[in-house]
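Everything below concerns the one structure shown next.
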Amino acid sequence: MEPTAHFTKTALPGIGARYDLDTQSGRHLSVVVHQDGRRVLGLHDPEDEDSCRDAAQLDPGESLALAGLLKPDPVRYLRQHVEIDLVTEHIPVTKRSPFAGRMLGATQARTKTGASIVAVLRRTDAVPSPTPDFRFAIGDVLVVVGTREGVDAVAELIAGG
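This is how it looks when you write it as structure tokens:
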């Protein structure tokens, strides 16, 4: 999601800087960033943009919290607007698995299922992008990405089904 708003910056000597934004709906907003980290959010009178109708002073923590609320969630946007059928699951390598002690390449997981083993979690370590010669151990947890069907097929394959 590309930003479409453009701020104008005005230096405020001895204070900090003021950033002004005219919204698409015609509102004029400003943020004064003080040198000590405080912010003042201003809502201006539509008839007189030099006149601030209301203002709220925010400390750095409040500014950060507000920014978090205002920041769009690109993942949620994609989920709502783009058809993505990928899932991620953690699949354990148990003592019953025919692949415990064997190499990733022996599973032929991607060839057989279309899903990918993108990482292996081992105790307190993570191995991203394991190579075909990576040897699985009992207790490893495989991070698998693919379609629902592909991930289910990897789970069945690793379990020995």
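With the numbering used here as the guide, the letters of the sequence shown map in order to residues 426 to 586. Using N, Cα and C, we set each Cβ at its ideal position, and we do this for glycine too. Only a predicted model underlies this, so the values are computations on that prediction, with no experimental measurement involved.
Under the 8 Å Cβ criterion, the stretch 516 to 525 counts as touching the stretch 565 to 585, having at least three qualifying pairs. Between the alpha carbons of P523 and G586 lies a gap of roughly 9 Å. Contact check for R452 against H469 passes: the beta carbons are separated by less than 9 Å. T572 and D484 have their C-alpha atoms roughly 45 Å apart. For A534, the closest C-alpha among the options R443, H459, R463, G575 is that of G575.
Just so you know, the alpha carbons of H459 and I440 end up roughly 5 Å apart. Excluding the 5 residues flanking it on each side, K537 has same chain C-beta neighbours closer than 8 Å at A578, L582, in chain order. T435 is bridged by DSSP to R443. DSSP places P485 in the uninterrupted alpha helix (DSSP H) bounded by 485 to 495.
In terms of Cα proximity to V569, the closest of G486, I542, G467, D461 is I542. Here the alpha carbons of P471 and A480 stand approximately 15 Å from one another. Taking C-beta separations shorter than 6 Å and ignoring five residues to either side along the sequence, the partners of E474 in its chain run H453, following chain order.
In the structure shown, V576 adopts helical secondary structure according to DSSP, grouped into three states. Here DSSP, grouped into helix, strand and coil, assigns L511 to coil.
A distance below 9 Å separates the beta carbons of F561 and G526. Judged by beta-carbon spacing, A544 lies beyond the 9 Å limit of P557, meaning their Cβ atoms are not closer than that value. Bounds of the beta strand (DSSP E) holding R464 are 464 to 470.
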